[in-house]
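Asks:
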Amino acid sequence: MDIVLYPDPRLRAKNKAVDSFDESLAKTVRDMFDLMYSQQGVGLAAPQVGLNIKLLVFNATGNADDNESEIVLCNPVIKSKSKDKELAEEGCLSFPEILGNVMRHQSIVIEAQNLQGKTFELELEEWQARIFQHENDHIDGMLFIDRMTPASKALIKNDLLLMREEYGADANS
Ligand SMILES: [Zn+2]
Numbered sequence: 123m124d125i126v127l128y129p130d131p132r133l134r135a136k137n138k139a140v141d142s143f144d145e146s147l148a149k150t151v152r153d154m155f156d157l158m159y160s161q162q163g164v165g166l167a168a169p170q171v172g173l174n175i176k177l178l179v180f181n182a183t184g185n186a187d188d189n190e191s192e193i194v195l196c197n198p199v200i201k202s203k204s205k206d207k208e209l210a211e212e213g214c215l216s217f218p219e220i221l222g223n224v225m226r227h228q229s230i231v232i233e234a235q236n237l238q239g240k241t242f243e244l245e246l247e248e249w250q251a252r253i254f255q256h257e258n259d260h261i262d263g264m265l266f267i268d269r270m271t272p273a274s275k276a277l278i279k280n281d282l283l284l285m286r287e288e289y290g291a292d293a294n295s
């Protein structure tokens, strides 16, 4: 399993609902967490590992030993979001070393299914809410560069251009 980098089309593709809650899904989730921790990430969505399904994982602590803080969401749906929003800096494993400011809802209520397919509701706040919104965007084929402030977007314009050039060079080699 490898991280898919921008502008790989799998990051923009449509994602299918998770419909079999089996051993293979559990294995995929474990591999995603391991890969995420190895890259010092706090969240990872399935399209970022080339799987176009509605699955995301995160651990706001980023600590591989803190399994209690691991959250797995299959087929997440946003039920409500706070009116209050906050601006903060984000990164993304599909955009190594690129950072930018993104506005996010301060808190959010979601409904999702767990690894066994059981539906549950969850309220997330602050940092956890931010990570969820970032990863959930991936599920919708949306990327943090789409939501960055114009000032941040201007600062990373050249980095994005380089990534597109590098991707094109790899594709043609
Ligand atoms: Zn991301």
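For the sequence shown, position 35 (counting from the first letter as 1) is numbered 157 according to the numbering used here, and the numbering increases by one without interruption.
Think of the CB as a built atom: it goes at the ideal place given N, C-alpha and C, for glycine as much as any other residue.
Just so we're clear, the structure is a prediction, and the values are computed from it rather than from any experiment.
#1: Quick check on Ala168: buried or exposed, where buried means 16 or more other Cβ atoms within 10 Å of its Cβ?
#2: Can you grab the Cα-Cα spacing for the pair Lys203 / Glu245, in whole Å?
#3: Which term fits Ala273, buried or exposed, when burial requires 16 or more other beta carbons within 10 angstroms of its beta carbon?
#4: What residue range does the beta strand (DSSP E) around Ile200 cover?
#5: For Gly263 and Leu133, what's the separation of their Cα atoms in angstroms?
#6: I'd like to confirm the pairing. Which residues does DSSP put opposite Thr241 in its beta bridges?
#7: Smallest Cα separation from Leu195: which of Val126, Ala210, Gln250 and Asp206?
#8: Count the CB pairs spanning the region 208-226 and the region 250-261 that are closer than 8 Å, and state whether there are at least three.
#9: In angstroms, rounded to a whole number, what distance separates the CA positions of His260 and Leu166?
#10: Thinking just about the alpha-carbon of each residue, which of Leu157, Gly184, Lys205 and Phe143 is nearest to the one in Ile175?
#11: Return the CA-CA distance between Ala148 and Lys240, expressed in angstroms with no decimal places.
#12: Counting contacts by CB-CB distance shorter than 8 Å, is Pro169 in contact with chain B?
#13: What number of angstroms, rounded off, separates the C-alpha of Phe217 from the C-alpha of Asp156?
#14: Answer with buried or exposed for Gln170, where buried requires no fewer than 16 other C-beta atoms within 10 angstroms of its C-beta.
#15: Inspect the beta-carbon positions of Val164 and Ala135 and report whether they are closer than 8 Å.
Replies: In short, the structure shows the following:
#1: Numbered from its first residue, the sequence shown carries residue 168 at position 46. The residue is buried, with at least 16 neighbouring Cβ atoms inside 10 Å.
#2: If you number the sequence shown from 1, residue 203 lands on position 81. If you number the sequence shown from 1, residue 245 lands on position 123. If you take the alpha carbons of Lys203 and Glu245, they lie about 9 Å apart.
#3: For this step, residue 273 is matched to residue 151 along the sequence shown. Its Cβ having fewer than 16 others within 10 Å, Ala273 is exposed.
#4: Working through the sequence shown from its first residue, we reach residue 200 at position 78. Ile193 to Lys203 is the extent of the beta strand (DSSP E) around Ile200.
#5: Along the sequence shown, read from residue 1 onward, the residue named residue 263 stands at position 141. Along the sequence shown, read from residue 1 onward, the residue named residue 133 stands at position 11. Taking the straight line from one Cα to the other gives about 6 Å.
#6: Locating residue 241 in the sequence shown gives position 119, counting from the first residue. Thr241 is bridged to Gln235.
#7: Your numbering for residue 195 matches position 73 in the sequence shown. Comparing Cα positions, the closest option is Gln250.
#8: yes
#9: Position 138 of the sequence shown holds residue 260. Position 44 of the sequence shown holds residue 166. Their Cα atoms are separated by approximately 9 Å.
#10: Along the sequence shown, one-based indexing puts residue 175 at 53. Nearest of Leu157, Gly184, Lys205 and Phe143 to Ile175, Cα basis: Phe143.
#11: Sequence index remark: in the sequence shown, residue 148 carries index 26 (1-based). Sequence index remark: in the sequence shown, residue 240 carries index 118 (1-based). Straight-line Cα distance between these residues: approximately 14 Å.
#12: Note that chain B does not occur in the displayed structure, where there is just one protein chain.
#13: Position 95 of the sequence shown holds residue 217. Position 34 of the sequence shown holds residue 156. So the alpha carbons of these two residues sit roughly 18 Å apart.
#14: Stepping through the sequence shown from its first residue, residue 170 is reached at position 48. Result: buried.
#15: Taking the sequence shown and counting its residues from 1, one reaches residue 164 at position 42. Taking the sequence shown and counting its residues from 1, one reaches residue 135 at position 13. Not closer than 8 Å, so no.
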